[in-house]
Amino acid sequence: MDKIVIEGGIPLHGTVRISGAKNAALPIFAATLITGGVYRITNVPALRDVATIASLLTELGAKVENPSSGVYTVDTREAMGREATYELVKTMRASCLVLGPLLARFGSAKVSLPGGCAIGERPIDLHLKGLAALGARINLDHGYVAVDASGGLKGTRITMDLVTVTGVMNIMMAATRAKGTTVIENAAREPEVVALADFLNSMGARITGAGTAEIKVEGVEELHSADVEVIPDRIEAGTYLVAGAITGGAVDLEGIVPAHLANIVDKLRECGCDIKENVSGVSLKAPEEIQPTRVTTSPYPGFPTDMQAQIMALLTLAQGASVIVETIFENRFMHVAELRRMGADITVVGNTSTVKGVKGLSGAPLMATDLRASASLVLAGLAASGTSTIARVYHLDRGYEKIEEKLKGLGAVIYREKA
Ligand code: UD1
Numbered sequence: 020m021d022k023i024v025i026e027g028g029i030p031l032h033g034t035v036r037i038s039g040a041k042n043a044a045l046p047i048f049a050a051t052l053i054t055g056g057v058y059r060i061t062n063v064p065a066l067r068d069v070a071t072i073a074s075l076l077t078e079l080g081a082k083v084e085n086p087s088s089g090v091y092t093v094d095t096r097e098a099m100g101r102e103a104t105y106e107l108v109k110t111m112r113a114s115c116l117v118l119g120p121l122l123a124r125f126g127s128a129k130v131s132l133p134g135g136c137a138i139g140e141r142p143i144d145l146h147l148k149g150l151a152a153l154g155a156r157i158n159l160d161h162g163y164v165a166v167d168a169s170g171g172l173k174g175t176r177i178t179m180d181l182v183t184v185t186g187v188m189n190i191m192m193a194a195t196r197a198k199g200t201t202v203i204e205n206a207a208r209e210p211e212v213v214a215l216a217d218f219l220n221s222m223g224a225r226i227t228g229a230g231t232a233e234i235k236v237e238g239v240e241e242l243h244s245a246d247v248e249v250i251p252d253r254i255e256a257g258t259y260l261v262a263g264a265i266t267g268g269a270v271d272l273e274g275i276v277p278a279h280l281a282n283i284v285d286k287l288r289e290c291g292c293d294i295k296e297n298v299s300g301v302s303l304k305a306p307e308e309i310q311p312t313r314v315t316t317s318p319y320p321g322f323p324t325d326m327q328a329q330i331m332a333l334l335t336l337a338q339g340a341s342v343i344v345e346t347i348f349e350n351r352f353m354h355v356a357e358l359r360r361m362g363a364d365i366t367v368v369g370n371t372s373t374v375k376g377v378k379g380l381s382g383a384p385l386m387a388t389d390l391r392a393s394a395s396l397v398l399a400g401l402a403a404s405g406t407s408t409i410a411r412v413y414h415l416d417r418g419y420e421k422i423e424e425k426l427k428g429l430g431a432v433i434y435r436e437k438a
């Protein structure tokens with residue numbers, strides 16, 4: 020298997036262009052199933068997860084083309100399939116995002132139940148509870164969930180027990196064609212939810228309140244295809260800001276929505292970084308000394324769980340002790356053992372880790388079990404003395420477009436070693 024090799028200890032300087040957001044692109048691809056048509060999606064990142072959703076749509080009968088970098092056309096006019104198989108769902112949990120769209124279009128869908136994953140159990144019970152409230156019958160059989168609403172979906176009031184991003188997306192997509200109005204309370208407020216609602220509205224849906232805790236969906240009879248540009252990836256952006264901070268460098272990001280990064284930027288300022296924002300960019304200058312801080316992950320607009328591993332890498336080098344509390348996923352400290360192997364001083368009790376800053380990290384052979392944990396090891400490797408190798412590069416390829424190229428552009432010594 021391929022490895023990433025990093026010669027650490029070089030301050031990074033320069034400008035990075037941020038790619039489209041994986042977590043905004045995936046639901047948009049799924050939403051093209053709601054009504055048969057030809058869709059043009061731009062600013063799509065070249066990532067393995069995007070290839071997986073494209074394969075899923077193709078399996079369902081859609082024609083998916085990628086005529087030029089970042090541009091996809093999806094033709095769902097003849098997409099008549101209704102089943103997401105185990106083979107695809109096991110490689111990417113977000114495959115379950117086709118449930119809502121298929122239910123809206125055909126009144127039935129069958130999706131393999133995702134299993135647990137490296138960061139936790141991650142059930143989809145709340146997706147199903149919401150769809151059931153809209154009138155769907157749910158049957159679990161042989162590892163699959165079959166959802167049926169042949170009598171039609173009916174708008175209702177749904178209060179989410181927990182804030183779930185893809186859960187709200189599924190319910191919102193199903194509700195676009197329900198009879199009457201659906202109100203979703205305690206809805207996720209992530210920018211990716213807003214981006215999906217905007218896309219659905221451009222297809223003729225009537226959704227208001229996305230970005231607040233209460234989303235209202237007035238069902239419509241018909242929708243139509245539309246073109247859409249994927250919003251920038253706030254997590255990729257946050258990761259490159261940490262790359263500047265952890266190496267004692269200075270980086271400028273282009274092509275972002277600064278407001279989406281507010282909580283990450285606030286936290287990095289607490290760590291002593293000098294950060295300036297403009298309309299579509301942000302620039303960071305690392306501090307002389309990284310200050311410790313307290314981080315608690317929570318749903319948007321809180322500090323994102325998808326940035327927890329990366330900020331931990333930074334705090335391993337702070338002047339004092341930091342505390343990180345992970346409230347979203349029960350097993351998301353898989354990077355800790357690897358960071359310790361590089362010399363970090365981290366203790367974990369339950370969902371809380373205490374990170375005592377050390378003078379320096381040393382490069383090591385490393386391996387991660389998930390996407391963001393892999394990113395934190397890359398960051399630690401950039402700051403460490405000597406060579407780090409990071410195995411299981413496929414995790415990074417799921418979520419970071421051209422990561423070596425972008426880091427090289429900032430002056431890093433990083434390359435991929437083919438197996
Ligand atoms: C999305 C993101 C992922 C991010 C996560 C939290 C995508 C494709 N992925 O994942 O990158 O880490 O949001 O910001 O957008 N839960 C249940 N039952 C459910 C659904 C969720 O108990 O039916 C729990 C989960 O186990 C977790 C919490 O709710 O503890 C939040 O998960 P959720 O927001 O659903 O994460 P995803 O949408 O899967």
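In the working numbering, each residue's number is its place in the sequence shown (first place is 1) plus 19. Virtual Cβ for every residue (Gly too), placed ideally from N, Cα, C. Every value quoted in this text rests on a predicted model; they were computed, and no experiment measured them.
Start-to-end residues for the beta strand (DSSP E) that takes in residue i
i, result
"N158", "R156 to D160"
"K22", "K22 to E26"
"G382", "No beta strand (DSSP E) contains G382, which DSSP labels as neither H nor E."
"H32", "H32 to R36"
"D246", "D246 to E248"
"R96", "Careful: R96 lies outside any beta strand (DSSP E) and carries neither H nor E."
"I343", "A340 to V344"
"D271", "A269 to E273"
"R176", "R176 to T178"
Residue range of the unbroken alpha helix (DSSP H) whose run includes residue i
i, result
"S221", "P210 to S221"
"I294", "First-last for I294: D293 to E296, but that is the beta strand (DSSP E), not the alpha helix (DSSP H)."
"V187", "V184 to A194"
"P120", "L118 to F125"
"A399", "L390 to A402"
"D68", "R67 to E78"
"Y105", "Y105 to T110"
"I265", "R253 to I265"
"P46", "K41 to A50"
"R360", "V355 to R360"
Nonlocal neighbours in the same chain, by C-beta distance under 6 Å from residue i, ignoring five residues either side
i, result
"E436", "K22 and V24"
"G2", "Any property of residue 2 remains undetermined from this structure, which presents the chain solely from 20 to 438."
"V202", "R176 and K235"
"K425", "V35"
"D416", "R67"
"E296", "P277"
"T266", "P30, L31, L401 and A402"
"G154", "A168, L172 and K173"
Pairwise C-alpha distance: residue j and residue i
i, j, result
"I294", "R288", "7 Å"
"N350", "N370", "8 Å"
"A65", "V83", "14 Å"
"S302", "K286", "15 Å"
"I72", "E273", "27 Å"
"G68", "L45", "First, the residue type needs correcting, since residue 68 is Asp and not Gly in the sequence shown. Computed Cα separation, rounded: 8 Å."
"M353", "G405", "23 Å"
"I157", "I29", "54 Å"
"T341", "V212", "Inspection of the sequence shows that residue 341 is occupied by Ser rather than by Thr. For S341 and V212, the distance between alpha carbons rounds to 31 Å."
"A305", "C290", "9 Å"
"Q338", "M331", "13 Å"
"I190", "D252", "23 Å"
"P311", "R101", "50 Å"
"T77", "A438", "30 Å"
"L260", "C292", "10 Å"
"T185", "T346", "17 Å"
"A197", "L116", "17 Å"
Residues near residue i in its chain [Cβ-Cβ closer than 8 Å; skip 5 each side]
i, result
"E204", "R176, I177, T178, M179, A232 and E233"
"V377", "T335, L336, G362, A363 and D364"
"G321", "N282 and T315"
Other residues of its chain near residue i: CB distance less than 7 Å, five sequence neighbours each side excluded
i, result
"E26", "T406 and V432"
"A392", "A328, M353 and H354"
"G162", "Y105, S131 and L132"
"K375", "A340 and D364"
Are the stretch 219–226 and the stretch 170–185 touching by the rule of at least three beta carbon pairs closer than 8 Å?
-> no
Would you be able to state if there are at least three C-beta pairs under 8 Å between the stretch 237–250 and the stretch 311–328?
-> no
So, do the stretch 263–280 and the stretch 86–95 have three or more beta carbon pairs nearer to each other than 8 Å?
-> no
Examine the Cβ distances between the stretch 376–389 and the stretch 405–414 and report whether three or more of them are shorter than 8 Å.
-> yes
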